[in-house]
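Peer 1: In UniProt numbering, the protein residues as written are 1 to 225. Backbone N, C-alpha and C fix where the C-beta goes; we use that ideal spot for every residue, glycine too. This structure is in structure tokens; I'll ask about it shortly.
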């Protein structure tokens, strides 16, 4: 790879990261139209890395590209949200049970630190931080059970679910409930209570179902009809 190709790839990766963050955290709201020209000027890069970043985000379901018409941020598809939620619920129940049989001490310390930071984020009303900590919390449980590759595989289907979870936090739904469930899951793992851990994991992943109708009512234009 020559220097020019390397520079384009580096710029593409950076544009991809910036755009994905803006979409996932609703700085670019669903349905927003964007153009290669607009983004290349915003980030002071050529159109080639922007075009490549658009294509990658389109493959992930975050952008819809219409030839000769333009590009827009994808609406949230609730069917895909439910598929991802169903997959996560069933895998996370199994991993929660597994964690009760054996879980590394150091990872448990990190989980407890994570939950303390979640509490601080709630006190500070910092939902972006809470979202990132929530993602890290679940990832650490998979890693502690030596199932990190499964967590990576989940991410391939997880984008619509992550979008609605972030929107739920931004709308100020159930912050304390999320924290309390995480804390309770830690206690169940430490007490080696697989049935309780499984129950908590199931309840936790069903919060989205409870909040979905409220989100649709508050943000009707964000969802695919």
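Spatial neighbours of residue 97 within its chain, please: CB distance less than 7 Å, with the 5 preceding and 5 following residues excluded, ordered by chain position.
Peer 2: 194, 197, 198
Peer 1: Does the beta-carbon of residue 21, which I'm using as the reference point, lie nearer than 8 Å to any heavy atom of the ligand MG?
Peer 2: No copy of the ligand MG appears in this structure; indeed no ligand is present at all.
Peer 1: Please state the DSSP three-state secondary structure of residue 102.
Peer 2: coil
Peer 1: If you reduce the DSSP assignment to three classes, tell me which class residue 81 lands in.
Peer 2: helix
Peer 1: So what's residue 226 in DSSP terms, helix, strand or just coil?
Peer 2: No statement about residue 226 is possible, as the shown extent of the chain runs from 1 to 225 and does not include it.
Peer 1: Apply the 10 Å Cβ neighbour rule to residue 102 and answer buried if 16 or more other Cβ atoms are within range, or exposed otherwise.
Peer 2: exposed
Peer 1: Given that a residue counts as buried once 16 or more other Cβ atoms are within 10 Å of its Cβ, and exposed if not, what is residue 210?
Peer 2: In summary, residue 210 is exposed, with fewer than 16 beta-carbon neighbours lying within 10 Å of its beta-carbon over all protein chains present.
Peer 1: Please confirm if residue 96 has its CB atom under 9 Å from at least one CB of chain C.
Peer 2: Absent here is chain C; the protein component of the structure consists of one chain.
Peer 1: Does DSSP classify residue 64 as helix, strand or coil?
Peer 2: strand
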